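2 protein chains.
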Amino acid sequence: MFPSLTLELPSWVSTQIEAATANGPLRNIEERMLLAIELSAQNIHEGSGGPFGAAIFDADTHELIAPGVNLVTSSHASIAHAEILAMSLAQQRLADFDLSQQGKRRVELVTSGEPCAMCFGAIPWAGLSQLVCAARAEDVCAIGFDEGDKPLDWVDSLNRRGISVQRDLCRDRAVAVLQEYSKTSGLIY
Amino acid sequence: MFPSLTLELPSWVSTQIEAATANGPLRNIEERMLLAIELSAQNIHEGSGGPFGAAIFDADTHELIAPGVNLVTSSHASIAHAEILAMSLAQQRLADFDLSQQGKRRVELVTSGEPCAMCFGAIPWAGLSQLVCAARAEDVCAIGFDEGDKPLDWVDSLNRRGISVQRDLCRDRAVAVLQEYSKTSGLIY
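Now the structure itself:
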């Protein structure tokens, strides 16, 4: 009587991940962030969605659990932000809505842009330990996207919930991707 | 290489919706809210998730576009709140990530409980015109759930974005369902 929603990564994502992780886990946080940013860039070139990429890693082994890209337009789903894809597919992979698996695992979300209001709200429910961001909200807004209304103390809010936040990592590279999207007149929604 | 996420309503939801709408659209807002609350109650009895129900209606014809129930535990998906299900399945049904369809349609979200921080952030992205809530955040927190950190002026924030907010409709009935869930020691997550 009612349709279902399926969120599925385009096949090019697996190809890109295989190449990026061919030599094993990405032990350096800059490498992990550059993977998220390259997903955001490739998402433009492939036409699969907005200029945003993310990935969930085990915070100790640095193994990739699941990547994510923005699929809002191609999936007809306003929730299909890169962070939501990465968190949700990681949960499917672990068959647990709590990525910490009741505190047994520490999990890191690496994202090419600071979370919007929805993704900010989703992060504590997913069982993350760490959030690492490249572009700032103002960089995303500068090309016309709306980040929504987060609490002004959103970083403190996550910290109080036991989630560390690192900002501005590889920010320049992420901003370059956003500006490329803007120049090629990608859809702003 | 990576799993997909499918969010699909349990079959009992269609049965309940067919019965509730057998005589045509629910023209009265209390009727629409009682449907959302009855979904929350039945979700407990069926064991499909937490005590939360929601539905998306056309705000002018009052036709039901899509219902939603909380499926966090059964779907292994922390995003699977009732509001997210209703908004996402309505978008699938209209094949548009913007439920307003570029301003041509006014859409109402009716929910048994005030939105958490994630759902608050998701609402503007979905293209809604109206939000109607039964239980308050404090009612949900009173049985142990966490609503997350919304901006203190969250109602004004939605109003500024052109989304009207009505609170406390059939609040007592929704609170009774929450308390039933609590007494039957439903999982709190």
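From first to last, the protein sequence lines are chains A and B.
Residue numbers for the first sequence follow my numbering, beginning at 1343 and rising by one.
Residue numbers for the second sequence follow my numbering, beginning at 1343 and rising by one.
Backbone N, C-alpha and C define an ideal beta-carbon position, used for all residues, glycine too.
Since this is a predicted model, take the numbers as computed values, not measurements.
Step through the CB atoms of chain B and report whether any lies within less than 8 Å of the CB of residue i.
| i | result |
| --- | --- |
| Val1449/A | no |
| Met1343/A | yes |
| Gly1486/A | no |
| Ala1383/A | no |
| Pro1352/A | no |
| His1418/A | yes |
| Met1460/A | yes |
| Leu1511/A | no |
| Ala1424/A | no |
| Ser1356/A | yes |
| Ala1408/A | yes |
| Pro1330/A | Because chain A in this structure spans residues 1343 to 1531, residue 1330/A falls outside the shown range and cannot be described. |
| Ile1359/A | yes |
| Ser1506/A | no |
| Pro1393/A | no |
Are the CB atoms of residue i and residue j nearer to each other than 8 Å?
| i | j | result |
| --- | --- | --- |
| Val1519/A | Ile1398/A | no |
| Ala1396/B | Arg1448/B | no |
| Ala1476/A | Met1375/A | yes |
| Glu1425/B | Leu1441/B | no |
| Arg1515/B | Arg1478/B | no |
| Val1355/A | Leu1377/A | no |
| Phe1394/B | Ser1420/A | no |
| His1404/A | Cys1458/A | no |
| Leu1470/A | Pro1409/A | no |
| Gly1391/B | Ser1430/B | no |
| Pro1466/B | Gln1434/A | no |
| Leu1349/B | Leu1436/B | no |
| Val1474/B | Leu1511/B | yes |
| Gln1472/B | Ser1499/B | no |
| Gly1455/A | Phe1462/B | no |
| Leu1427/A | Ile1359/A | no |
| Ile1386/A | Glu1480/A | no |
Is there at least one Cβ from chain A nearer than 8 Å to residue i's Cβ?
| i | result |
| --- | --- |
| Asp1400/B | no |
| Ala1518/B | no |
| Gly1490/B | yes |
| Arg1435/B | yes |
| Thr1415/B | yes |
| Leu1470/B | no |
| Ser1532/B | Chain B is shown only over 1343 to 1531; residue 1532/B falls outside these bounds and no answer can be derived. |
| Asp1438/B | yes |
| Thr1453/B | no |
| Gly1463/B | yes |
| Ser1430/B | yes |
| Leu1349/B | yes |
| Phe1386/B | Going by the sequence as given, residue 1386/B is Ile instead of Phe. With 8 Å as the cut-off, Ile1386/B does not count as an interface residue toward chain A. |
| Ser1442/B | no |
| Pro1493/B | yes |
| Ser1346/B | yes |
| Ser1499/B | yes |
I'd like to confirm the pairing. Which residues does DSSP put opposite residue i in its beta bridges?
| i | result |
| --- | --- |
| Ser1506/A | Gln1472/A |
| Glu1450/A | Phe1399/A, Gln1472/A |
| Leu1347/B | Leu1349/A |
| Ala1477/B | Gly1455/B |
Does any residue of chain C bring its CB to less than 8 Å from the CB of residue i?
| i | result |
| --- | --- |
| Ile1421/B | No chain C is present in this structure, whose protein chains are A and B. |
Output the residue ranges of the beta strand (DSSP E) runs that lie fully inside the segment 1384 to 1440 of chain A and measure 3 residues or longer, sorted by chain position. 1395 to 1400, 1406 to 1411
Does the contact criterion of 3 or more C-beta pairs under 8 Å hold for the segment 1487 to 1494 of chain B versus the segment 1356 to 1367 of chain B? no
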